[in-house]
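*Asks:*
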Amino acid sequence: MSEAGEKKRAGAGPDGPVLEAVGLSRSFGPIEVLSDVSVSVRAGEVHAIIGENGAGKSTLMKILAGHLAPTRGAIKLDGSPVELKGPVDAERRGVVLVHQEIMLAPDLSIAENMFLGRELRRGLTVDDREMNRRATEAMRVFGVEAAVTAPVQRLSIAQRQLAQIARALAVPHRIAIFDEPTASLTPVETSALLGLIRELKAKGVAVLYISHRLEEVKAVADVVTVLRDGKQVATKPAAELEPVDMARLMVGRDLLALYPPRPPAPAGEPAFEVGRFGAAGFAEDASFSVRPGEILGFAGLVGAGRTELFEALFGLRKGGGDIRLNGAEQQWRDARAGMRAGAVYLTEDRKSKGLLLEETIAVNLTLASLDKFQRGPLIDRAREARALDEAIQRFDIRVGDRTLLAGQMSGGNQQKLLLAKMMQLDPRVVVIDEPTRGIDIGAKQQIYRFIAALAAEGRSVIVISSEMAELIGICHRIIVMRNGRVVGEVAGEEMNEHAIVVLATGVSTNGEDVRT
Amino acid sequence: MTQAVGEAPAAAPRRRMSVSAVAPFLALALICALGALANPRFLSFDNLTNVLARSTFIATIAVGQTLVITGGGLDLSVGAMAAFISGLTILFLNSGLIDNMPLLIVSAMVLALAVGALCGLFNGLTTTIGKIEPFIVTLGTMGIFRSLLTWLAQGGSITIRNTDVRAAYRQVYFGDLFGVPYPVLLILGVAVAGAFILYATAYGRHVRAVGSNEDVARYSGISVARVRTITYVLQGLCVALAVIVYVPRLSSASAATGLGWELTAITAVVVGGTRLKGGVGHIWGTIAGALILEVIGNIMLLSNLVSEYLIGAVQGAIIIIAMLAQRGMSASR
Amino acid sequence: MKRILVSLAVFGLMVGAAQAQVSKTMAVSVPTADHGWTGGVVFHAMEEAKALEKKYPGLKVIVKTSPDPAAQADALEDLSTQGIDALVVLPHDPNVLTDPIRKVKNKGTFVTVVDRIADDRSIYDLYVGGDNPGLGASAAQFFKKALPNGGDIVVIRGLPIPIDKMRVDAFNDGIKGAKINVIDSQFGNWSRDDAFKVMQDFLTKHPKIDAVWCQDDDMAIGVFEAIAQAKRTDIKFVVAGAGAKDAVKRVMDGDPMMPVDVLYSPSMVAVAMDVTALGLEEGIPVRGDYILKATLITKDNAKDFYFKDSPF
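Residue numbers (our numbering), protein chains in the order written: chain A, 55 to 570; chain B, 1040 to 1372; chain C, -19 to 292.
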């Protein structure tokens, strides 16, 4: 690749890079997951690192933040080589990392988590009042008015992500590394985060930013480095790269259209009707319906109650209202009841609610439908293996080794496996919550095609997503929720981000960073 | 909390599982080799069958405990439950309700199984429907079962009165089939049944799923309460089976019956490679664990290496060393 | 049994004495029935309480059981607060309970300690106990007589606590000079299950055993099962102790495997209550140490020690 020659090699000096990585490589056993990568970032500069899952981005970030030692290569701070002895050492030197995975103690409050291990003290006791005050302030920057004394497990994933960012930035720092910070955020929070990054930049902090969302990268980055298969493919000023170029460099080939052709909107009687449904404390009075072959989107801000509404529908949390499936009244006390009736819900939280990370692919695939794989009291392993073959083929699950554990697969493959697992039940109604969160662009494209195919087979599909672009790209209609209520519906020509954001926030936006 | 999954392609955990499955057997073999060195009589047929038969109670109960622990539960009441069921069984044998002796003994066994299942059901429903930590529930029932026995025995012991019944029933512990004592056959049977349930049936897979991640199980349409409750019922049945061979050995039960069995059984389960927090269960490892515990005691007695005052210390040390070795083996892959 | 002898003697003294009319309270604190012997203690305490209340209409007897030393200390405090005139206590661990007992005594309450004696002897007015060294010595005497030409024996001990050591030391002293070899000794924790295991292993380890001393009737049950299973005929007899109903019956019936038993009866608590009541109700001076003899129960005297209704 010719781009590889354009690596920047700025020397140390007053204007030189604060952080410089030279020829970093890292191997796990015989496999080299990062080879000869060199990046540098100056004070007040945002350097984005992009690449597909498995490209080595997270490994690079972990090395720079002291979590991993490089097999080869050196890290320089202010021009002099340093050896980071661990994350604490890195923090002491002013390098902070915002993790991609949420690492908060679920039973502790936001404030307690934010100051965990560095509690403010007053005499012998911790100064809760001051910590709560600071935590509240930090969360307000993101527009989250959550009670900082509530345990983290009561927060939505997006709110947890924001709390985690706030925790990382509470440490004095000169270099901030963000590992996919927006993967679970909605546009409004994303734009608040991007605003925060611009503030950091103005204060002279050097920022390394990893993301899948190329539009964001384009909006916030000064320099972009593209990784593919552990190798540095290109480093260029962001001004010279359009999102489509970035995607081409990441994938190594031209991408086909991201969204599949939309199947024609079906007419006819709705298959699935919900009336005046509520989820205690999260959503109320929601009514909607979806036809066979239709893809219905659910948009809204974090905390709008979309996930909770559907969890209540499927008996996974408290709630009540009318449900009709093909005209027949339903009441689902647990997920099993919905499955029997022909409706499934795919959770947004793949890792802790969707898959058994320590079990094999086959075990996960058949977990919800084991009745179908029984011969007498025994599990029919041969039929299970056949189902696995079919699923691997149909959903393009890419695993070299079938004994691999679900937790060892990439996010994209996990999502495909979750989809395959629920499709074993051959449902008529499929609800997919955040189908593409945290997965790379190639897998995303595939997921969209699978969703379209499900609809084409005559199933009713509901997609809940915080990525408005994908809802607009694949849905026939989009319902918008705000504060636990359905506030509107857009379809056809009206389906654009501006219309959705107006409904979702209840105010006309100034359009900042909300691309249309 | 979520744990970070590195991008490293790791094939290790798979192999680690198989190592941890084999490790208890290696440890058992090693300990047996030491035993043979310490005293050649250790390997005599009589001694081996003695030890095997003696380990029946713990091994049988520990198989049930493996299911409970794999499903994310815990049962501390098993020792007291064994005492309670023993007492009821003997009282039934003494009641003379049935004249026909074989029928009397078989009825007593059925009664034991029914009581065991009910005790387990009570534990299971209280933890699942009542949503109380199993540690607390079974600590409570442990006290209840033991007090009930003490009350039944009026503080003393309950003994089979009729010497003919005693002589006939005695065969259940001391008798054999082609030289294999019945208790040893029971261990085999219970282990095969336990392994069948855990590894080959849909229910067993649900047990693992529930213990591994309750939420995933719930979102997959599995009734967590039902699956867990049944593990406790199976545990109760295992305790009853242990009682069925325990009672004929000394023909009596007292407040000291089954004292501490719960901890020994849990130790056997953990030494066997089952994870205490659930999700992973090794039935055969549990059997190996129970044998290890029994064999260590046997070797200590047969050898003159250790003062009688220090036997407890040596047993504790050997268990810890066995676990460290297991950890070492799986870490070095 | 000693209790009866004492009672008879007392009865003689009592004849003609006026019954006390003032209402008095005696508290009895004993361990919970956690094994056979303590079960016997609870049984005898309950029975004696009924008998005493019948005998002295003005006397109230409270029996309280406690599962461990800490609970017993609390129980002593509670009993003392209720206002008692006498306390009969069989302590879990006499050294741990020394101070709680002293507190009761300092209030002017008459204190009787049963079985387990503390190092500090100032905390009680009356002590009634079994003869622990005597239990070992009596057994040793019998071994010497029964094995005049010596022999190889095994010993199964109780729990590693002082009374076990007192018994074993006295036994070892007692067999000195005779050609009796203790070829093995292990703890059986006064549990029949553990004694069964230990005996099984002894039988594996030693091809020839002449006799067994196992100190306790509960453990003897396990020992006999192990011998029967191994079909060994070299063992001539087993000597246990305590005076449990079933063991006494065997001796009475002339079982050659159990020719004798050594008395160490849980009924000593009843003796203690009896004597305490005498002091309380009759004003008879009863202070001092009463040691109940570790009588050797033989076929001839067994019927005196057989109580059909006792659970022990």
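Even glycine gets a Cβ: it sits at the ideal position worked out from N, Cα and C.
So C:Gly38 packs on C:Ser60, CB below 8 angstroms; how close in whole Å?
*Replies:* The Cβ separation is near 20 angstroms, so there is no contact.
*Asks:* Residues bridged to A:Met535 by DSSP?
*Replies:* BP columns for A:Met535 point to A:Gly354 and A:Val540.
*Asks:* Shorter than 8 angstroms from the beta carbon of B:Ser1291 to some beta carbon of chain C?
*Replies:* For B:Ser1291, the answer is yes, since a Cβ of chain C falls inside 8 angstroms of its Cβ.
*Asks:* Can you find a C-beta in chain B that's less than 8 angstroms from the C-beta of C:Lys185?
*Replies:* Yes, its Cβ sits closer than 8 angstroms to a Cβ of chain B.
*Asks:* How about A:Leu419 and A:Leu473: are their beta carbons less than 8 angstroms apart?
*Replies:* Result no, Cβ atoms of A:Leu419 and A:Leu473 do not sit closer than 8 angstroms.
*Asks:* Cα separation between A:His552 and A:Arg390?
*Replies:* Roughly 39 angstroms between the two C-alpha positions.
*Asks:* Could you work out which residues of chain C lie near B:Tyr1348, taking near to mean beta carbons separated by less than 7 angstroms?
*Replies:* Ordered by position in chain C, the residues that pass the 7 angstroms Cβ test against B:Tyr1348 are Pro140.
*Asks:* In chain order, which alpha helix (DSSP H) runs of at least 4 residues are fully inside the region 371 to 401 of chain A?
*Replies:* Fully enclosed alpha helix (DSSP H) runs of 4 or longer: 389 to 395.
*Asks:* How would you list, in chain order, the residues of chain C whose beta-carbon sits under 9 angstroms from the beta-carbon of B:Asp1215?
*Replies:* Those do not exist, as B:Asp1215 stays about 11 angstroms from chain C at its closest Cβ, beyond 9 angstroms.
*Asks:* Excluding sequence positions up to five away, which residues of its chain have a Cβ less than 6 angstroms from the Cβ of B:Ile1226?
*Replies:* Contacts found: Thr1095 and Ala1098.
*Asks:* Could you tell me the distance, in whole angstroms, from the CA atom of B:Ile1358 to the CA atom of B:Val1278?
*Replies:* Whole-angstrom Cα-Cα distance: 24 angstroms.
*Asks:* At a CB distance below 9 angstroms, what residues from the region 397 to 424 of chain A approach chain B? Give them in sequence order.
*Replies:* Cβ contacts with chain B: Val398, Tyr399, Leu400, Thr401, Asp403, Lys405, Ser406, Lys407, Gly408, Leu409, Leu410, Leu411, Glu412, Glu413, Thr414, Val417, Asn418, Thr420, Leu421, Ala422, Ser423 and Leu424.
*Asks:* Does the pairing of the region 348 to 356 of chain A with the region 491 to 499 of chain A give three or more beta-carbon distances under 8 angstroms?
*Replies:* Taking 8 angstroms as the limit for Cβ pairs, the verdict is that the region 491 to 499 of chain A does not touch the region 348 to 356 of chain A.
*Asks:* Taking 6 angstroms as the limit between beta carbons, can you name the residues of its chain near A:Arg252, skipping five residues before and five after?
*Replies:* Cβ neighbours of A:Arg252 beyond the five flanking positions: none.
*Asks:* Which residue from A:Ala237, A:Ile415, A:Pro205 and A:Leu379 puts its Cα closest to that of A:Asp443?
*Replies:* Checked all of A:Ala237, A:Ile415, A:Pro205 and A:Leu379; the closest Cα to A:Asp443 is A:Ile415.
*Asks:* In chain order, what are the residue ranges of uninterrupted beta strand (DSSP E) at least 3 long that sit wholly in the region 70 to 158 of chain A?
*Replies:* Within the region 70 to 158 of chain A, the complete beta strand (DSSP E) runs of at least 3 residues are 73 to 82, 85 to 95, 100 to 104, 126 to 131, 134 to 136 and 149 to 152.
*Asks:* Which partner residues does B:Pro1220 have in the DSSP bridge list?
*Replies:* According to DSSP, B:Pro1220 bridges with B:Asp1215.
*Asks:* Here's the rule I'm using: 16 or more other beta-carbon atoms within 10 Å means buried, otherwise exposed. How should A:Leu281 be labelled?
*Replies:* Burial call: buried.
*Asks:* Can you tell me the Cα-Cα spacing of A:Lys290 and A:Thr279, whole angstroms?
*Replies:* Using only the alpha carbons, I get a separation of about 7 angstroms.
*Asks:* What does B:Asp1203 touch in chain C if you count any residue whose Cβ is under 7 angstroms from its own?
*Replies:* What B:Asp1203 touches in chain C: nothing, since even the nearest Cβ is about 16 angstroms away.
*Asks:* Under the rule that 16 or more other beta-carbon atoms within 10 Å means buried, what is A:Ile501, buried or exposed?
*Replies:* The residue in question, A:Ile501, is buried, as its Cβ has 16 or more Cβ neighbours within 10 Å.
*Asks:* With DSSP as the reference, label C:Asn161 as helix, strand or coil.
*Replies:* Of the three classes helix, strand and coil, the one that applies to C:Asn161 here is strand, per DSSP.
*Asks:* Quick one: give me the first and last residue of the beta strand (DSSP E) that C:Val8 is part of.
*Replies:* Residues Lys4 to Pro11.
*Asks:* Among B:Asp1254, B:Ala1292, B:Val1211 and B:Asp1085, which residue has its Cα nearest to the Cα of A:Asp388?
*Replies:* Closest option to A:Asp388, Cα to Cα, is B:Asp1254.
*Asks:* Which term fits B:Gln1042, buried or exposed, when burial requires 16 or more other beta carbons within 10 angstroms of its beta carbon?
*Replies:* No answer about B:Gln1042 holds up, because its pLDDT of 40 lies below 50 and its placement is not dependable.
*Asks:* A:Ser370 versus chain B: which residues are under 8 angstroms apart at the beta carbon?
*Replies:* Residue identity check: residue 370 of chain A is Leu in the sequence provided, not Ser. By Cβ distance, chain B contributes Arg1257 and Tyr1258.
*Asks:* Using only the alpha-carbon positions, how far apart do A:Ile486 and B:Ile1183 sit?
*Replies:* C-alpha separation (whole angstroms): 48 angstroms.
*Asks:* Measure the alpha-carbon distance for A:Gly538 versus A:Ile103 and round it to whole angstroms.
*Replies:* If you take the alpha carbons of A:Gly538 and A:Ile103, they lie about 36 angstroms apart.
*Asks:* At a CB-CB cut-off below 9 angstroms, which residues of chain B make contact with A:Arg390?
*Replies:* Correct list: Ser1259, Gly1260, Ile1261 and Ser1262.
*Asks:* What's the gap between the Cα of B:Phe1235 and the Cα of A:Thr490?
*Replies:* Whole-angstrom Cα-Cα distance: 39 angstroms.
*Asks:* State the start and end residues of the unbroken alpha helix (DSSP H) segment that holds C:Gln209.
*Replies:* Segment Asp197 to Ala210, the alpha helix (DSSP H) holding C:Gln209.
*Asks:* Along chain B, which residues have their Cβ under 8 angstroms away from the Cβ of C:Arg172?
*Replies:* Simply Leu1289, Ser1291, Ser1293 and Ala1295.
*Asks:* Here's a check: name, in chain order, each residue in its chain whose Cβ is nearer than 6 angstroms to the Cβ of C:Pro11, leaving out the five neighbours to either side.
*Replies:* These residues qualify, in order along the chain: Thr18 and His72.
*Asks:* Taking Cβ positions, are A:Leu162 and A:Val206 nearer each other than 8 angstroms?
*Replies:* In this structure, A:Val206 lies closer than 8 angstroms to A:Leu162 by Cβ.
*Asks:* Name the chain C residues that come within less than 7 angstroms of B:Ala1189, Cβ to Cβ?
*Replies:* The displayed chain sequence assigns Thr, not Ala, to residue 1189 of chain B. Residues of chain C passing the Cβ test: Ala13.
*Asks:* So, C:Lys188 versus C:Asp99, is the Cβ gap smaller than 8 angstroms?
*Replies:* No. Outside cutoff.
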